[in-house]
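When the letters of the sequence shown are read in order and numbered with mature numbering (1 follows the signal peptide of the UniProt record, and there is no 0), they come out as residues -30 to -1, 1 to 267. Structure, as structure tokens:
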Amino acid sequence: MAHNNNRWFTLSATTMLLVSVILPVSTAAAKSKSVKPTQAVLKASAKKTRANAKGLASKYKLAYGAQRGFDKKGRVWIYAKTSSKTLKSSLKVAANYWNSRLGKKEFNIGTKSHHTVTFTATNQKNGNSDAWWTPSLKSLKVQLSYYSKSHKDVQSGMTSYVNSYYQNQVAVKTTNYLANRGIATTDPKYSQEFYSYAVKHQGTEQKNAKKAVKNINQSVATQGVMYEYASTLAHEMGHIIGLNHSPNKLDLMYYQSGNKNIYNYFDVKRGLRGYNPVTATDKARAQLAIKVWQAKH
Ligand SMILES: [Zn+2]
């Protein structure tokens, strides 16, 4: 028991060093050419929009050929042909990301008898894609083996996150304690004092970590997977609207989009409040793609 306690904290010293490394922030993304339509473009008449459709597609990276999932009013109805409750939730959350940004019910949950798009989880593969939209089949698919693996991935990522977090709490407490006692970091006894205080006082944090890991295994990892796939499906929904990839790393429609919050145990447990991966650029491009479709139909 005591041996394990010591080991738990030993890990923390390593973690602290790792998290204290500050990497330079790349400005490359900020320099790439803007694909965000201006208000003037978004407010142009239907006639003008129709006439400029080709130019708009190349400038704002739109793919009209992908727009096969709309009903007569330009809305999308997705029928989730899957028994997975997690994926069904992901689909709802993804639809809400878009709908709340666009201010209308663009994406709707369809039924077997009323839908414009069918969503399934498949053993089929499409390169390394987690998910893909096939316009000709009006089919949105998630790759099943990747999806199944994601649970273990989220579980272990979240567990590391939680352990680092609580180990760091021990380190902070210890640092404060030694500082208050006037023991300088240059003191030859410092590391010894640090370690012995930390090990003696890590009990609460260790208990909290164990409780969190239990929660992760019971439900929070599944919740993380749900959010991971909500982002993945929201990206695919962008393709359904007729968006090609964005050159901006921060956009949902960047070719390698991902949800970096899914390992954050606390945020996921709270329900990722306020999180929405649809950026202002994604939104404006989607508005334009829908506008062109409506101008043509
Ligand atoms: Zn994509």
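Here a beta-carbon is modelled for each residue, glycine too, at the ideal position from N, C-alpha and C. Since this is a predicted model, take the numbers as computed values, not measurements.
Taking just the CA atoms, how far does residue j sit from residue i?
{"i": "LYS230", "j": "THR202", "result": "12 Å"}
{"i": "HIS209", "j": "TYR136", "result": "40 Å"}
{"i": "THR145", "j": "HIS171", "result": "12 Å"}
{"i": "VAL63", "j": "LYS51", "result": "17 Å"}
{"i": "TYR147", "j": "ALA154", "result": "11 Å"}
{"i": "TRP263", "j": "LEU61", "result": "23 Å"}
{"i": "ALA27", "j": "GLY35", "result": "11 Å"}
{"i": "GLN9", "j": "GLY194", "result": "36 Å"}
{"i": "ASP100", "j": "ALA149", "result": "49 Å"}
{"i": "TYR225", "j": "LYS219", "result": "8 Å"}
{"i": "HIS121", "j": "THR192", "result": "7 Å"}
{"i": "GLY97", "j": "VAL87", "result": "22 Å"}
{"i": "LEU57", "j": "THR249", "result": "23 Å"}
{"i": "GLU206", "j": "TYR235", "result": "26 Å"}
{"i": "ALA259", "j": "LEU32", "result": "7 Å"}
{"i": "SER115", "j": "LEU107", "result": "22 Å"}
{"i": "VAL238", "j": "GLN162", "result": "37 Å"}
{"i": "ASN185", "j": "THR129", "result": "10 Å"}
{"i": "HIS85", "j": "VAL46", "result": "8 Å"}
{"i": "residue 274", "j": "ASN93", "result": "One cannot answer for residue 274 here, as it falls past the ends of the chain, which runs -30 to 267."}
{"i": "ALA89", "j": "LYS75", "result": "With the sequence shown as reference, residue 89 is identified as Phe, and Ala is not the correct amino acid for it. Between PHE89 and LYS75, the C-alpha separation is close to 18 Å."}
Please confirm whether any heavy atom of ligand 1 lies closer than 7 Å to the CB of residue i.
{"i": "TYR225", "result": "yes"}
{"i": "HIS121", "result": "no"}
{"i": "HIS205", "result": "yes"}
{"i": "HIS267", "result": "no"}
{"i": "HIS215", "result": "yes"}
{"i": "HIS209", "result": "yes"}
In the DSSP assignment, the alpha helix (DSSP H) including residue i goes from what residue to what residue?
{"i": "ASN78", "result": "ASN78 -> not in any alpha helix (DSSP H); beta strand (DSSP E) instead, spanning 77 to 79."}
{"i": "ALA50", "result": "No alpha helix (DSSP H) contains ALA50, which is instead part of the beta strand (DSSP E) from 46 to 50."}
{"i": "ALA259", "result": "250 to 266"}
{"i": "ALA27", "result": "23 to 30"}
{"i": "LYS177", "result": "173 to 185"}
{"i": "PHE236", "result": "235 to 240"}
{"i": "LEU61", "result": "55 to 72"}
{"i": "LYS170", "result": "160 to 170"}
{"i": "GLN188", "result": "Here GLN188 belongs to no alpha helix (DSSP H), and DSSP marks it neither H nor E."}
{"i": "GLN9", "result": "9 to 13"}
Kindly indicate the opening and closing residues of the beta strand (DSSP E) around residue i.
{"i": "GLN113", "result": "109 to 113"}
{"i": "THR90", "result": "87 to 92"}
{"i": "THR104", "result": "101 to 104"}
Can you have a look at residue i and say buried or exposed, based on whether 16 or more other CB atoms are within 10 angstroms of its CB?
{"i": "LYS266", "result": "exposed"}
{"i": "ASN133", "result": "buried"}
{"i": "THR251", "result": "buried"}
{"i": "GLY173", "result": "exposed"}
{"i": "ALA16", "result": "exposed"}
{"i": "GLN125", "result": "buried"}
{"i": "PRO247", "result": "buried"}
{"i": "ALA21", "result": "exposed"}
{"i": "PRO7", "result": "buried"}
{"i": "LEU12", "result": "exposed"}
{"i": "PRO(-7)", "result": "For PRO(-7), the predicted structure reports a pLDDT of 49, less than 50, and the residue's modelled location is therefore unreliable. A value from the coordinates is still provided. So PRO(-7) counts as exposed."}
{"i": "LYS253", "result": "buried"}
{"i": "SER53", "result": "exposed"}
{"i": "THR19", "result": "buried"}
{"i": "LYS261", "result": "buried"}
{"i": "ARG71", "result": "buried"}
{"i": "TYR160", "result": "exposed"}
{"i": "SER216", "result": "buried"}
Cβ-heavy atom distance between residue i and ligand 3 below 7 Å?
{"i": "SER53", "result": "As for ligand 3, it is missing from this structure, which binds only ligand 1."}
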